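A short write-up of the structure that comes next.
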Amino acid sequence: MSGIILGNRSEGRAASGAALFFRRWLANPLQMGSVVPSSPALGRRIAALIERAGDEVVVELGAGTGAISRALLANGVPADRLVVVEIVPEMAKHLARTLPGVTVVEGDAFALPETLPAALHGKVGTAICGIPLVLLPTEQQQRFVAAVEAVAPGRGFLLYSYCVTSPLPMKTLGLTGRREAWTPLNFPPASVWRYRPAV
16 MSGIILGNRS EGRAASGAAL FFRRWLANPL QMGSVVPSSP ALGRRIAALI
66 ERAGDEVVVE LGAGTGAISR ALLANGVPAD RLVVVEIVPE MAKHLARTLP
116 GVTVVEGDAF ALPETLPAAL HGKVGTAICG IPLVLLPTEQ QQRFVAAVEA
166 VAPGRGFLLY SYCVTSPLPM KTLGLTGRRE AWTPLNFPPA SVWRYRPAV
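Going by the numbering used here, the first residue of the sequence shown is number 16, and it counts up by one from there.
Structure follows, in structure tokens:
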């Protein structure tokens with residue numbers, strides 16, 4: 016069952032976040048997708064691609080230790096308009112401690128209709144995916160796409176990936192997609208793809 020935790024403290028962000036990230040990578044490399052957290056440069060690229068009306072929220076799925084979350088906040092997303100979803104309890108607790116004012120939801124991004132509070136359904140301006148979808152079977156990818164569509168109809172999502180070509184089979188998943196950004200200043204170099212439902 017998912018739970019909502021409001022972040023309220025900011026001490027020890029960098030050191031504790033890096034150690035936690037590495038421990039989780041050792042425990043489950045495929046869940047993490049990279050051996051190091053995302054860079055501020057990648058965070059700035061993603062933040063520049065945010066689409067959000069005044070009453071809408073930005074939802075980050077698979078927030079990890081909050082590297083992208085912090086970049087979103089630093090680049091103008093208000094804390095009370097940012098919702099981060101993280102399935103790993105230890106990481107969710109870390110996010111709640113280190114992201115003051117941000118809504119942290121411990122839950123499954125593949126079950127967003129149940130995970131995300133009902134009041135936010137239809138109020139998602141941009142969903143950002145940090146989950147390594149490219150490593151998952153097509154059925155799981157389809158489940159993710161359907162979950163996002165259920166809470167953000169027609170909006171699609173941003174996916175950051177270390178693939179130069181599309182990490183998702185667009186035709187199979189009923190998506191259109193475009194690489195919106197690329198940064199060599201991330202390790203490894205990363206692309207940001209915007210996917211939307213095909214009309």
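Glycine included, each C-beta is placed from N, C-alpha and C at the ideal position.
Computed from a prediction, not measured in an experiment: that's the story for all the values here.
Among the options, which residue has its Cα nearest to the Cα of residue i?
i, options, result
"Thr-191", "Gly-79, Trp-197, Ala-205, Arg-170", "Arg-170"
"Glu-154", "Thr-141, Phe-125, Arg-211, Ile-83", "Phe-125"
"Arg-67", "Ala-167, Leu-150, Pro-132", "Ala-167"
"Leu-148", "Leu-174, Leu-127, Glu-121", "Leu-174"
"Ser-84", "Gly-69, Val-179, Gly-116, Leu-127", "Gly-116"
"Val-99", "Ala-161, Val-179, Val-120, Ser-206", "Val-120"
"Leu-131", "Gly-79, Val-72, Ala-111, Leu-200", "Val-72"
"Ala-205", "Leu-188, Pro-212, Val-179", "Val-179"
"Ile-146", "Asp-123, Ala-165, Gly-137", "Asp-123"
"Gly-69", "Gly-140, Val-160, Glu-101", "Gly-140"
"Leu-114", "Leu-151, Ile-102, Ala-82", "Ala-82"
Heavy atom of the ligand ATP less than 7 Å from the Cβ of residue i, yes or no?
i, result
"Ile-143", "No copy of the ligand ATP appears in this structure; indeed no ligand is present at all."
Nearest-angstrom Cα distance between residue i and residue j?
i, j, result
"Pro-184", "Ala-56", "27 Å"
"Pro-182", "Arg-158", "16 Å"
"Trp-197", "Ala-62", "13 Å"
"Ala-89", "Lys-186", "35 Å"
"Arg-194", "Val-74", "20 Å"
"Leu-64", "Gly-91", "12 Å"
"Ala-134", "Cys-144", "21 Å"
"Tyr-177", "Val-163", "21 Å"
"Ala-94", "Val-207", "22 Å"
"Pro-212", "Gly-189", "6 Å"
"Thr-80", "Lys-138", "25 Å"
"Ala-107", "Glu-129", "17 Å"
"Pro-203", "Ser-54", "10 Å"
Please classify residue i: does DSSP put it in a helix, a strand, or coil?
i, result
"Thr-141", "strand"
"Glu-121", "strand"
"Gly-58", "helix"
"Val-92", "coil"
"Ser-206", "strand"
"Ala-107", "helix"
"Val-160", "helix"
"Val-179", "coil"
"Glu-66", "coil"
"Ala-196", "strand"
Residue i bridges to which residues according to DSSP?
i, result
"Pro-212", "Leu-190"
"Leu-174", "Cys-144, Trp-208"
"Glu-129", "DSSP output for Glu-129 lists no bridge partner at all."
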